[in-house]
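J.: Quick one: the structure is below, and I'll ask about it shortly.
There are 2 protein chains.
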Amino acid sequence: MIRINYEFLDLIENLRENPDYQGLITAHNFKSGRVILDQNSKVNNVYMVKEGLTKCYLTEDTGKDFIQEFFGPGEIFGEVEIFSETYSFCAIETVSQVSLYKITHKGFVELLKKHKEFNWLMLKSLASKVKYKAIRHSFNQSHNTETNLMRLKSEHENIYNLIPKKDLANYLGVTERNLNRAINRLKESV
Amino acid sequence: MIRINYEFLDLIENLRENPDYQGLITAHNFKSGRVILDQNSKVNNVYMVKEGLTKCYLTEDTGKDFIQEFFGPGEIFGEVEIFSETYSFCAIETVSQVSLYKITHKGFVELLKKHKEFNWLMLKSLASKVKYKAIRHSFNQSHNTETNLMRLKSEHENIYNLIPKKDLANYLGVTERNLNRAINRLKESV
DNA sequence: ATTAAGAAAGGACAATTGTCCCAATATGTC
DNA sequence: GACATATTGGGACAATTGTCCTTTCTTAAT
Chain D
1 MIRINYEFLD LIENLRENPD YQGLITAHNF KSGRVILDQN SKVNNVYMVK
51 EGLTKCYLTE DTGKDFIQEF FGPGEIFGEV EIFSETYSFC AIETVSQVSL
101 YKITHKGFVE LLKKHKEFNW LMLKSLASKV KYKAIRHSFN QSHNTETNLM
151 RLKSEHENIY NLIPKKDLAN YLGVTERNLN RAINRLKESV
Chain L
1 MIRINYEFLD LIENLRENPD YQGLITAHNF KSGRVILDQN SKVNNVYMVK
51 EGLTKCYLTE DTGKDFIQEF FGPGEIFGEV EIFSETYSFC AIETVSQVSL
101 YKITHKGFVE LLKKHKEFNW LMLKSLASKV KYKAIRHSFN QSHNTETNLM
151 RLKSEHENIY NLIPKKDLAN YLGVTERNLN RAINRLKESV
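So the sequence lines, in the order shown, correspond to chains D and L.
Its first residue numbered 1, the first sequence is counted upward by one per residue in full-length UniProt numbering.
Its first residue numbered 1, the second sequence is counted upward by one per residue in full-length UniProt numbering.
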């Protein structure tokens, strides 16, 4: 649920210090609650989280938000739109104070074509997203809220401190009411 | 729900005829109902569907199968495991007569490193999987079975002829009983 | 201190979905 | 035809989840 990729982060930070790539990668800071990228907007840059936590979510015609993932250090967004050549399909919002690295699409594509290791880490990053999504959604579909919540708690013990209840519910695709019920049932079963 | 990628298929077929890549890509035929790749097994090859339809699914501890996607011509599987360096996380089974191209992981990685266009199409393919999954699961979580079914029918008019009811249910993550109810409600509303 | 605003928790009922089971309809075999 | 075997569809009830609304607590502002 909270994705990280320190290997990729390391590479980006090395590139940033490399004079050959002067100015390619810029750093930016945001307060909590800021929308970095809107759904259905034109995407011109790729971002990587340096520090903090962002949520990646889609808003449906029903008005419901569905959270795809929480992106922590080393996670990238805005890259899929380069390949699919469409507007953004999800929104990105900070859920804590966040610092990001930014690269233009043009710069990003050049890195992909010229920098072998960068290219490989990008392939790995995308493959990791595919795999993680597959496993998560399969599990979520096949289990009830209580079991899904238990799984999240096993991944992150202090989940209630990291993520607001509402976001937890939107990640699991259920209402807050139902999430509360699941929490109570877990308490009782201790 | 039925994924295709003719651009990638074209490239593979061209490579197959190219004497430089003699023997790299082999062709194989399967009857309907054959398991090509088992869950939690070691993966040594990458496959691309040439003709026919396969389903990609995970089996959960509850005994439930959850279908990720149906792969048609040009879709690849067995590639994610190269990057994640783990056993297969889903199973692949033919749902019609199917012909496949097969490449060893070693051959695949070499193509990735040496063939620019191949590399780019691989990035595109992975990005497409990420995007498609995101949109599908968000929609499915945010709507009831009836609406989800309507969406599938709008994608593929003749869905009931292509996919068995049980597979449809497993794709939507619901029981056959519930799928039948949704079908009836749709009939009534005509 | 008082008030307003907003978050958090849960009661009550409705809607949806799952589970279990049975009847109807093929399908193929002898 | 008679029989076994699937396959399909749906009834009845249980479990789960959603919707709506109220209450309780904070928190913040004046």
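Note that CB positions come from ideal geometry on N, CA and C, so glycine has one too.
Roughly how many angstroms lie between the CA atoms of Gly-78(L) and Arg-3(L), to the nearest whole one?
T.: Approximately 15 Å, taken between the alpha carbons.
J.: Given that Lys-133(D) touches chain L, what residues does it touch there, using C-beta distances under 8 Å?
T.: Neighbours of Lys-133(D) on chain L, chain order: Val-130, Lys-133, Ala-134 and His-137.
J.: Tell me which residues share the same chain as Asn-44(D) and place their Cβ nearer than 7 Å to its Cβ, disregarding the 5 neighbours each side in the sequence.
T.: Thr-104 and His-105, listed in sequence order.
J.: Nearest-angstrom Cα distance between Ala-127(L) and Trp-120(D)?
T.: Roughly 14 Å between the two C-alpha positions.
J.: Spatial neighbours of Arg-136(L) within its chain, please: C-beta separation below 6 Å, excluding the five flanking residues on both sides.
T.: Here the set comprises nothing.
J.: Straight-line CA distance for Glu-60(D) to Ser-138(L)?
T.: Cα to Cα, the separation comes out at about 8 Å.
J.: Does the beta-carbon of Thr-54(D) have 16 or more other beta-carbons within 10 angstroms, so that it is buried, or is it exposed?
T.: Thr-54(D) should be labelled buried.
J.: Taking the alpha-carbon of Glu-7(D) as reference, which of Pro-73(D), Thr-175(D), Ala-169(D) and Asn-40(D) has the nearest alpha-carbon?
T.: The shortest C-alpha separation from Glu-7(D) is found at Pro-73(D).
J.: Just the chain L side, please: which residues come within less than 7 Å of Ser-41(D) by C-beta, in chain order?
T.: Simply none; closest approach about 15 Å.
J.: Please work out which residues of its chain come closer than 6 Å, Cβ to Cβ, to Glu-75(D), disregarding the five sequence neighbours upstream and downstream, and give them in chain order.
T.: Excluding residues within five positions, the ones whose Cβ falls inside 6 Å are Arg-3, Asn-5 and Val-49.
J.: Does DSSP put Arg-34(D) in a helix, in a strand, or in coil?
T.: Correct three-state label for Arg-34(D): coil.
J.: Below 8 Å between beta carbons: does that hold for Glu-69(L) and Met-1(L)?
T.: Yes, they are a contact pair.
J.: If we call anything under 8 Å between Cβ atoms a contact, is Phe-89(L) one with Ala-134(D)?
T.: Contact flag set, yes.
J.: Just curious, the alpha helix (DSSP H) that Met-48(D) is in, first and last residue?
T.: Note, Met-48(D): premise wrong, no alpha helix (DSSP H); beta strand (DSSP E) at 45-51.
J.: Have a look at Ala-91(L) and Thr-26(D) and give me their C-alpha separation to the nearest angstrom.
T.: Distance between the alpha carbons of Ala-91(L) and Thr-26(D) is about 42 Å.
J.: Are Thr-145(L) and Val-174(L) closer than 8 Å when you measure CB to CB?
T.: For Thr-145(L) and Val-174(L), yes; Cβs fall inside 8 Å.
J.: Flag Gln-141(D) as yes when its Cβ comes closer than 7 Å to any non-hydrogen atom of the ligand ZN, and as no otherwise.
T.: Annotation note on the ligand ZN: not contained in the displayed structure, which lists no ligands.
J.: Kindly say whether Phe-118(D), judged by its beta-carbon, lies nearer than 8 Å to any beta-carbon of chain L.
T.: No, Phe-118(D) lies away from the interface with chain L (no Cβ there is under 8 Å from its Cβ).
J.: Any beta-carbon of chain D closer than 8 Å to the one on Glu-176(L)?
T.: So, not an interface residue.
J.: Run down chain D in chain order and give the residues with a C-beta less than 8 Å from the C-beta of His-143(L).
T.: In chain order: Glu-60 and Thr-62.
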